[in-house]
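Report on the following structure.
Protein chains: 2
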Amino acid sequence: MDLTALRTAHPDHWNKAAAIRTLTLDAVAAANSGHSGMPMGMADVATVLFEKHLKFDAAAPNWPDRDRFILSAGHGSMLLYSLLYLTGYPEMTIEQIKNFRQWGAITAGHPEYGHAPGIETTTGPLGQGIATAVGFAMAEEIQRARYGRKVADHHTYVIAGDGCLMEGVSQEAIAFAGRQQLGKLIVFWDNNNITIDGTVELSDRTDQMARFRASGWHVQAVDGHDPEAIDAAIEKAKATRKPSMIACKTHIALGSSAQDTSKGHGALTDPKLIADAKAAYGWTAPAFEIPSEIKAEWEAIGKRGAVERANWDIRFASLSERKQADFTRAYDREVPKKLTSVIRALKKDASETAPKLATRASSEKVLAAINPLMTETVGGSADLTGSNNTKTPDIDAFMPENRKGRYVYWGIREHGMSAAMNGMALHGGIRPYGGTFMAFTDYARPAMRLAALMRIPTVFVMTHDSIGLGEDGPTHQPVEHLAISRATPNTYVFRPADTVETAEAWEVALSSKETPSVLSLTRQGLPTVRLEHKMNNLTAQGAYVLADAEGKREAILIATGSEVAIAMAARELLQAEGIGTRVVSMPCMELFAEQDEAYRRKVLPAGPVRVGVEAAVRAGGWDRWLLGERGREAKADFVGMTGFGASAPANVLYEKFGITAEAVAEKVKALLA
Amino acid sequence: MDLTALRTAHPDHWNKAAAIRTLTLDAVAAANSGHSGMPMGMADVATVLFEKHLKFDAAAPNWPDRDRFILSAGHGSMLLYSLLYLTGYPEMTIEQIKNFRQWGAITAGHPEYGHAPGIETTTGPLGQGIATAVGFAMAEEIQRARYGRKVADHHTYVIAGDGCLMEGVSQEAIAFAGRQQLGKLIVFWDNNNITIDGTVELSDRTDQMARFRASGWHVQAVDGHDPEAIDAAIEKAKATRKPSMIACKTHIALGSSAQDTSKGHGALTDPKLIADAKAAYGWTAPAFEIPSEIKAEWEAIGKRGAVERANWDIRFASLSERKQADFTRAYDREVPKKLTSVIRALKKDASETAPKLATRASSEKVLAAINPLMTETVGGSADLTGSNNTKTPDIDAFMPENRKGRYVYWGIREHGMSAAMNGMALHGGIRPYGGTFMAFTDYARPAMRLAALMRIPTVFVMTHDSIGLGEDGPTHQPVEHLAISRATPNTYVFRPADTVETAEAWEVALSSKETPSVLSLTRQGLPTVRLEHKMNNLTAQGAYVLADAEGKREAILIATGSEVAIAMAARELLQAEGIGTRVVSMPCMELFAEQDEAYRRKVLPAGPVRVGVEAAVRAGGWDRWLLGERGREAKADFVGMTGFGASAPANVLYEKFGITAEAVAEKVKALLA
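As structure tokens, then:
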């Protein structure tokens, strides 16, 4: 590249972009780790975007109608941190930049949501940024339809790298965004032809522009170092009604001796390389110092949106009080006051009528009561609407011609769905839930983990949660997926036993502000086990005594979901033989673990033998409750799965795999013998 | 559709295809569940493929040079079962068809590898069939390069549905296959425009032909009910050097009243619908009966390849004895006799020289010794070659111009890589291993589960296995991924502590015939802890006493991988205070669980307090060893992670998260107090 030509053609632009490049070089050198090349390559695009297009006010980073900027290529985090520092986000001080990648700094190796305003989502796991951005763009459409253009009218901009586009989830995002004509979604592809292993062509020769076009995108190609071309392309992208992809031909690690190489992708820390690159940039300031006129220009950019933001405040204030309150409540993730009474009424009715229902159907019942009340919910399914029971009659399909639609037909795209749900939750104003078969937790996992890490309350509706789904066989029968979600920090895994517990689980899930929930729901019908109405949400305690022992308490059966009824039947068998048996329903291990020890000991006192019952592997957190505070394997056992399932009717499978009341009773007797 | 026109145009073809359709209707009706529409829609394509193109011999279903047929749309399993029955695969009797989806039948809801010959891979989780097929096609290329066209010269055919093409993994497969010009891979897209939720256009309007073309595929579109057009398209697909996609416009549930509807996707069980459909087919035979002349025609198809197969036997016999032995050994998944001595020499050297090495580097050392010996290995990485240390100097890149290459640059495609590795293992003759960062287990999960379910020994090299990776932060730091893999049935999770254990782990992984392995390897350097050479493979026992207590045994520290050295340091601290402390290294919990109880009790005797040490969540199987056979939480504890990690240098993170020798020693003292 002829840097001199670039510098002289657009000197003001050049210096602003050089500020990003030098901060990146300095921070990576100080950390002695990180990724220099991407920010150096994309500095021009980012500068044009922030200077001329991005609607934001650094002093009010949470302004709901700001444009969102998603750095899907999260390893280039210094691009984002530089921009936040330069434009004057108060939290992003030069000290933070100097402490890049150090303990306690908000400038983590990859952008971490919650560390600082301006970081809209956690990125790093590639491809998920673009998929999450789809959810941001959807949320904007929904808010605009609901509150009008004067309140919601912003763009979602994404920088994606070659890695993002190779990850399969990008295809799910691209195809879905194209179908939905998300015209305010604009993706910059950092087309630098370099990955860690070498040139892109080592593993890919896809014509990315043709690929995006095939899914209905508006596509342009520009020189990613030509500010005028970048600006013109963004103008065009904003004008089209299609989602836009701008292929930006860039040079990774621009201006350094590592330019256009895999080495340039990583940490450039060699002092001579850094000095030479700065010299080529015409940069003479010391490390971490931005000449004041350049900093002033950047800060002016950071203030550019202040007036627009103030005008927005006025427009927002012109909404009806009720609309304002609704809007704010949803952004604050507060539930409507009426939720508790609606849930209670539903529980009371279920306890009285004692329906036999699959918990996926119970869930539909609950949603049918909640959705009209909580208009911020947006439901959906990865092409299993009738099986996941996620659609209620009051909500229509979200479509280009119906942006008020609150139900999303995601297609067969569990990962894309989950990432986009995260995006809606992050955008604010929306409470997303979406369904698939629980076994396909495997497909959704990368986004489920990010929800937990980002502390956002996405709800994953996982139906067909055991061998109880029957004939579809072991590929569709989860056995280890409760364990997977339970092992994940900051995740509530609910396995309700009947309609009452399902209602309670939904109440906790929808009241949660910082924890995602997994609802593990059955395909098969279950009897109501909560026959006595309780005002309190017992599921919120994680576990509770469903039926106590009659006579001397010799055994405790601990069960979840569909196996609670089996435990109750086992209790009948044991009591008939004079063995006093308590049944503990444990719909949420995480919440039980959060209770104080006194309560836990009350529910699981020392003394009796304990048998856990769950149609899944014992590794799903059971040993803590079976062996803990009680001890000795000789006094505890487990009835569940020890391997994968099989294809047969559900009742046959329960019998063949030995998950029956008789088997439970036998285990108890063997332990007592 | 004008069925009469179809029937009269190609009556012989029609009847053969109708046999598939009626068997499907009968089996689904008998099971009262299943998926009728796909086999009914794709029967014509499958008939032409099997009749005119597929190279197979039903009497010798494991013939190595057969064409492979992969039903990626696995829910249409009755298509495959019908074909296997009709062409005369001995195991696929009419009784099996009648017992579709019943306990003990080989005709599971989705095709399960291992249930019957002719089922080349387990499918059902959508998109994975096509991604697995990529591995089959690669294995064929590699075998052809190595043994010549006379021994390996076959095609891989795939039927993929709309769901397969919506799943992101399909893009990973398509892009990779295009780059690699896998010309013998031919994909039929069942373009029926129907998914469970409605028409495809509800969630997708992608121009699939343009999408495949963008990645370098040869693309054709045909009427999927016109046998001549299908035949001609397959001819063309075989002639091109590119991978081929044939878009087959079909009618789901053809000829029934549910044709072209979502209802037609599922189980058609209504007797009148079935009767009407059969009448429209001109089919008068009773349920499950195939008129003898039609069955005879199908059986002739099943025998069509017998001569070719016999000729292949002769050609194979003409190979040198050594080549024959090599070929057969690899297909039988036998290791070379020399492997044990090579591993022992490596162990001895490591114990003597006691290098400080990251276990990912230890792994590279081991592979450098193994790869020249086991020429059936094919390594690779999802664009992290230098980080995963998966490439050894003796193996070159697999490329269109170098099919002898045994190293695969997979690109940033963890799921596609893992599925294709499974495909190579299933094809036979290849032992695949591939690397990524352990946190991206999340991306690879769907294929890792299928490896376990299918009982194939794929090796997943997961480096950067804890907070020990440092600055990249929590998105890249696994904490729950050991738990995830350990909760998965039939999976060995190895977390070796040094070069010696790494060598032992590789020996077990490469000797395994039916169990996939996860190697959990560090980024950071570790001291050698196995300083005394042992001939035996101690890792194969799962856990063993690394250092025994001096004096009275009061504490047992159980640790894995990078934390074994910490446990050893804690032991020093404790012994210095006179507290006799045993250190147990536990590189593989699954193998330890397989040992007899006497051995387990010898390693973990009752009495001493126990502290586990692992830089991961306790949910990763620890409670069994901490609480089991010993009891009482008051006598056991764990030093590890309780939430996600953070971005900082590794040594800082270990300190901040309290995973130190001092913390371990303190826990022991608190338990003893």
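The listed protein sequences derive, respectively, from chains B and G. Oh and the first sequence: position 621 is 621 in the UniProt record's numbering, straight run, nothing missing. Oh and the second sequence: position 326 is 326 in the UniProt record's numbering, straight run, nothing missing. We put the beta carbon where it would ideally sit given N, CA and C, even for glycine. Please read all numbers here as calculations on a predicted model, not as lab measurements.
Could you give the DSSP three-state label for B/Cys588: helix, strand or coil?
On the first sequence, residue 588 of chain B is found 588 positions in, with the first residue counted as 1. Reduced to three states, the DSSP call for B/Cys588 is coil.
My understanding is that G/Asn192 touches G/Gly41, with C-beta atoms under 8 Å, so please give their C-beta distance in whole angstroms.
Residue numbering aside, residue 192 of chain G sits at position 192 when the second sequence is read from its first letter. Residue numbering aside, residue 41 of chain G sits at position 41 when the second sequence is read from its first letter. At roughly 5 Å, the Cβ-Cβ gap stays under 8 Å, so G/Asn192 and G/Gly41 are in contact.
B/Gly631, DSSP secondary structure in three states:
Locating residue 631 of chain B in the first sequence gives position 631, where the first residue counts as 1. Only weak support is given to the placement of B/Gly631: the predicted model assigns it a pLDDT of 45, under 50, and the value that follows is read from those uncertain coordinates. B/Gly631 falls in the coil class under three-state DSSP.
Let me confirm a value: B/Arg630 is counted as buried when at least 16 other C-beta atoms fall within 10 Å, else exposed. Which label applies?
As a working note, residue 630 of chain B is residue 630 in the first sequence. Note that B/Arg630 has pLDDT 45, beneath the 50 cutoff, so the model's placement of it is unreliable and no number is given.
Strictly under 8 Å for the Cβ-Cβ distance: is B/Leu671 near chain G by that measure?
Counting from one through the first sequence, the residue named residue 671 of chain B turns up at place 671. Chain G has no Cβ within less than 8 Å of the Cβ of B/Leu671.
Within 10 Å of its beta-carbon, does B/Ser215 have 16 or more other beta-carbons around it, so buried, or fewer, so exposed?
Sequence index remark: in the first sequence, residue 215 of chain B carries index 215 (1-based). Under this definition B/Ser215 is a buried residue.
Pick from G/Phe398, G/Val493, G/Leu319 and G/Thr528 that is closest to G/Arg179, judged by C-alpha positions
Numbered from its first residue, the second sequence carries residue 179 of chain G at position 179. That would be G/Phe398, whose Cα lies nearest to the Cα of G/Arg179.
Buried versus exposed, by CB contacts within 10 Å (16 or more), B/Pro125:
For the purposes of this step, residue 125 of chain B is identified with residue 125 of the first sequence, where counting begins at 1. Looking at its Cβ environment, which holds 16 or more other Cβ atoms inside 10 Å, B/Pro125 is buried.
If you pair each beta-carbon of the region 481 to 500 of chain G with each one of the region 370 to 384 of chain G, do three or more pairs fall below 8 Å?
no
Using 8 Å as the cut-off, can you tell me whether the region 437 to 448 of chain G makes contact with the region 588 to 595 of chain G, which would need three or more C-beta pairs spanning the two stretches below that distance?
no
Counting Cβ pairs closer than 8 Å, one from the region 58 to 71 of chain B and one from the region 272 to 287 of chain B, do we hit at least three?
Touching, no.
Could you list the residues in the region 397 to 421 of chain B with a C-beta less than 9 Å from some C-beta on chain G, going in chain order?
Residues Ala397, Met399, Val408, Tyr409, Trp410, Gly411, Ile412, Arg413, Glu414, His415 and Gly416.
Beta carbon of G/Gln128, beta carbon of B/Gln171: below 8 Å?
Against the second sequence, residue 128 of chain G aligns to sequence position 128. Against the first sequence, residue 171 of chain B aligns to sequence position 171. Their beta carbons are not under 8 Å apart, which means G/Gln128 does not touch B/Gln171 by this criterion.
Should residue 684 of chain G be flagged as near chain B, meaning a C-beta pair shorter than 8 Å?
Residue 684 of chain G lies beyond the range of chain G shown here (1 to 673); nothing can be said about it.
Whole runs of the beta strand (DSSP E) within the region 120 to 162 of chain B, excluding any shorter than 3 residues
156 to 160
Exposed unless 16 or more other CB atoms sit within 10 angstroms - verdict on B/Arg149:
Residue 149 of chain B sits at position 149 when you count from the first residue of the first sequence. By the neighbour-count rule (16 or more Cβ atoms within 10 Å), B/Arg149 is not buried but exposed.
How about G/Met78: is its C-beta nearer than 8 Å to some C-beta of chain B?
Within the second sequence, numbered from 1, the residue matching residue 78 of chain G stands at position 78. No, G/Met78 lies away from the interface with chain B (no Cβ there is under 8 Å from its Cβ).
Since B/Asp223 meets chain G, which of its residues come closer than 9 Å, beta carbon to beta carbon?
One-based indexing of the first sequence puts residue 223 of chain B at position 223. By Cβ distance, chain G contributes nothing, its closest Cβ being about 22 Å from B/Asp223, past 9 Å.
Chain C residues whose Cβ lies nearer than 8 Å to that of B/Ala31:
Reference to chain C is not applicable here, since the protein chains of this structure are B and G.
Helix, strand or coil: how does DSSP classify B/Glu554 here?
Working through the first sequence from its first residue, we reach residue 554 of chain B at position 554. Strand.
Verify the CB distance criterion: does residue 674 of chain B have a CB-CB separation below 8 Å to chain G?
The structure shown does not extend to residue 674 of chain B, since chain B spans only 1 to 673, so no value can be given for it.
Residues, ordered as in the chain, of the region 637 to 652 of chain B that lie near chain G by beta-carbon distance below 9 Å:
Met641, Thr642, Gly643, Phe644, Ala646, Ser647, Ala648, Pro649 and Val652
Can you name the residues of chain G whose CB is closer than 9 Å to the CB of B/Gly620?
As a first step, residue 620 of chain B is located in the first sequence; it is residue number 620 there, counting from the start. Within chain G, the residues near B/Gly620 are Ala487 and Ala619.
Anything in chain G within Cβ reach of B/Ile196, meaning under 8 Å, just list it in chain order.
Here residue 196 of chain B corresponds to residue number 196 of the first sequence, with the count starting at 1. Going along chain G in sequence order, the residues near B/Ile196 (Cβ under 8 Å) are Asp383, Leu384, Thr385, Gly386 and Ser387.
Three or more C-beta pairs closer than 8 Å, one from the region 30 to 46 of chain G and one from the region 71 to 91 of chain G: is that the case here?
yes
I need the straight-line Cα distance from G/Ala296 to G/Gly264, nearest angstrom please.
Residue 296 of chain G sits at position 296 when you count from the first residue of the second sequence. Residue 264 of chain G sits at position 264 when you count from the first residue of the second sequence. Roughly 30 Å between the two C-alpha positions.
Does DSSP put B/Arg582 in a helix, a strand or coil?
Position 582 of the first sequence, counting from 1, holds the residue named residue 582 of chain B. Strand, per DSSP.
State yes or no: is the beta carbon of B/Lys656 nearer than 8 Å to at least one beta carbon in chain G?
Here residue 656 of chain B corresponds to residue number 656 of the first sequence, with the count starting at 1. Cβ-Cβ to chain G under 8 Å: yes for B/Lys656.
Where do the N-terminal and C-terminal ends of the beta strand (DSSP E) with B/Ser562 fall, by residue?
Position 562 of the first sequence, counting from 1, holds the residue named residue 562 of chain B. Looking at the DSSP string, B/Ser562 is not in any beta strand (DSSP E), and its letter there is neither H nor E.
Between which two residues does the beta strand (DSSP E) carrying G/Ser244 extend?
Within the second sequence, numbered from 1, the residue matching residue 244 of chain G stands at position 244. Here the beta strand (DSSP E) through G/Ser244 covers Ser244 to Lys249.
Checking 8 Å against the spacing of the C-beta atoms, do G/Ile659 and G/Ile579 come in under that value?
Reading the second sequence from its first residue, position 659 is the one you call residue 659 of chain G. Reading the second sequence from its first residue, position 579 is the one you call residue 579 of chain G. Going by C-beta atoms, G/Ile659 is not nearer than 8 Å to G/Ile579.
Which residues, in order along the region 86 to 118 of chain G, keep a beta-carbon less than 7 Å from a beta-carbon of chain B?
Arg101, Gln102, Trp103, Ala108, Gly109, His110 and Glu112
May I ask you to verify whether the region 402 to 421 of chain B touches the region 370 to 380 of chain B, counting CB pairs closer than 8 Å and requiring at least 3?
By the C-beta criterion, the region 402 to 421 of chain B is judged to be in contact with the region 370 to 380 of chain B, since at least 3 inter-stretch pairs fall below 8 Å.
With the cut-off set at 8 Å, would you say B/Ala131 and B/Lys184 are in Cβ contact?
Here residue 131 of chain B refers to the residue found at position 131 of the first sequence. Here residue 184 of chain B refers to the residue found at position 184 of the first sequence. Not a contact, by the Cβ cut-off of 8 Å.
Please list the partners that B/Leu126 has in chain G, where partner means a Cβ-to-Cβ separation under 7 Å.
Residue numbering aside, residue 126 of chain B sits at position 126 when the first sequence is read from its first letter. Correct list: Ile412.
Curious, which full-length beta strand (DSSP E) runs of at least 3 residues does the region 247 to 331 of chain G contain?
none
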